[in-house]
Every structure is written in C-alpha cells, then in structure tokens.
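S.K.:
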Amino acid sequence: MKLTIKHQDKYSRGQLILRTLFGMIYIGIPHFFLLAIVGIWSAILSFVTFWVVLFTAKFPESIFNFQIGFNNWALRVQAVLGNLVDGYPAFFPGGTSDSVKLEVPRPDRVSRGLVILRLLFGAIYVGIPHYFCLAFRQIASSVLGFLAWFAILFAGKYPERWHAFNVGTYRWGTRVGLYLGYFTDEYPKFSGKE
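Its first residue numbered 5, the sequence shown is counted upward by one per residue in our numbering.
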C-alpha cells in the first residue's frame, strides 16, 4: 500500500480561511452526503467480498477497484479538510487528484484462513492494539494540525515534518482498514511510514 499526500511549497491563506469558516458547508456537506450514499453500496460490496473471497480466495477486480476508488475519495476529502492540501476534492470513486493518491496492488490470492480469523478476532488482534496506539497518535496529529493552521496563516507554509507526521497518521489508519477489509494479508505495521 502506498498513500501519498503531497506537501506543497506554498499554501493558500485565503483557502485556509475559507475552509475554516465555510469548509463544512461547501466541502463537507456535499461530499459527506454522497460518501454516505455511496458508502451503503460500498458496505454491500464488502459483504459480497467476504463471501467471494471465502469461497474463491480471490478479490474480484471490479469490486477491488471500486473500493480503492472509494477510499481514495474519502482520503481526498479528509486531506483537504485537514489542511494537508489546497484545492477542492474530486467527487466519486473515479475522481483523481495530483496531491492525494492511494495505491494498493490487488492480491492474486487472499488467505481464506485469515478471512475467517479477521472476521472472528480482527477486533481483538488488530483493532484493539492499533486503534489504541492510533488514538494517541491522533491526539498528537490534532495538536500539530492546530499549530499548522497558524503556520499556514502567518507564513503560508505547513511545516514539512508536521505534514509528514499527519500523513503518517492517515497512512497507518488506512493500512489497518485495508487489512480488515481483506485487501491485503499483510498485517499492518505499527508505523505511519511507508
């Protein structure tokens, strides 16, 4: 898995203020509304994927591509609302971005045993340890995001190390979600690094 959220040399103060004051209205509401509707279809496909993988040990290509597109869309919205990139996020799973990109190779085979293990015990052996660690990391990311807001406002720059840390938080969470969603059999690393 490779998640890239490009660090910009210069950030727009105007876009920062506009997102802060009205971002939930002109970005959040339309995207979250459509993400929720398309998310219902994504959930249905996840249910179908479980059974297909269980019986065939293969992740259907069309479902895989749709789900990765859906994840890309959600990450584009999160990155813009989190001030990691400027611009307006493209709608729908087919949308693209030069700044935010999630690349996941489709596995040739998915372990049926791991599918059952993740279904029955995934919350215990993946969810609890990773989400416990991610909760603390998310607190640190929130603090850095708050401080970065002022850095962008006054200097027009998002400090590179803070940006890398916050992107790492997204990367870690995405990696866990992909593992639990049967996209990969590789246990997620306890790290935000690539």
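Positions of the beta carbon are idealized from the N, C-alpha and C atoms, including for glycine.
Measure from the alpha carbon of F169 to the alpha carbon of each residue in K197, T188 and L182, then state which is nearest.
M.R.: The sequence position of residue 169 within the sequence shown is 165, counting from 1. Taking only the C-alpha atoms, the option nearest F169 is K197.
S.K.: How about the region 86-98 and the region 11-18: do they share at least three Cβ pairs that are nearer than 8 Å?
M.R.: yes
S.K.: Rounded to a whole number of angstroms, what is the C-alpha to C-alpha distance between F51 and D189?
M.R.: In the sequence shown, the residue the question calls residue 51 occupies position 47. In the sequence shown, the residue the question calls residue 189 occupies position 185. If you take the alpha carbons of F51 and D189, they lie about 18 Å apart.
S.K.: In the DSSP output, what is K105 paired with across the bridge?
M.R.: Here residue 105 is taken as the residue at index 101 of the sequence shown, counted from 1. Paired residue(s): T8.
S.K.: Around the Cβ of E178, are there at least 16 other Cβ atoms within 10 angstroms (buried) or fewer (exposed)?
M.R.: Here residue 178 corresponds to residue number 174 of the sequence shown, with the count starting at 1. Per the sequence shown, residue 178 should be read as Thr rather than Glu. Buried, since its Cβ has 16 or more Cβ neighbours within 10 Å.
S.K.: Leaving out five residues on either side along the sequence, give the residues of the same chain with a beta carbon under 7 Å from the beta carbon of G172.
M.R.: Mapped onto the sequence shown, residue 172 falls at position 168. Hits under 7 Å: G196 and K197.
S.K.: From this set, F158, S66 and Y186, which residue's C-alpha is nearest G18's C-alpha?
M.R.: Residue 18 sits at position 14 when you count from the first residue of the sequence shown. Of the candidates F158, S66 and Y186, the one whose C-alpha sits nearest the C-alpha of G18 is F158.
S.K.: So A61 and V114 are in contact, right, with Cβ under 8 Å, and what is the actual spacing, rounded?
M.R.: Stepping through the sequence shown from its first residue, residue 61 is reached at position 57. Stepping through the sequence shown from its first residue, residue 114 is reached at position 110. About 6 Å separates the two Cβ atoms, so the contact holds.
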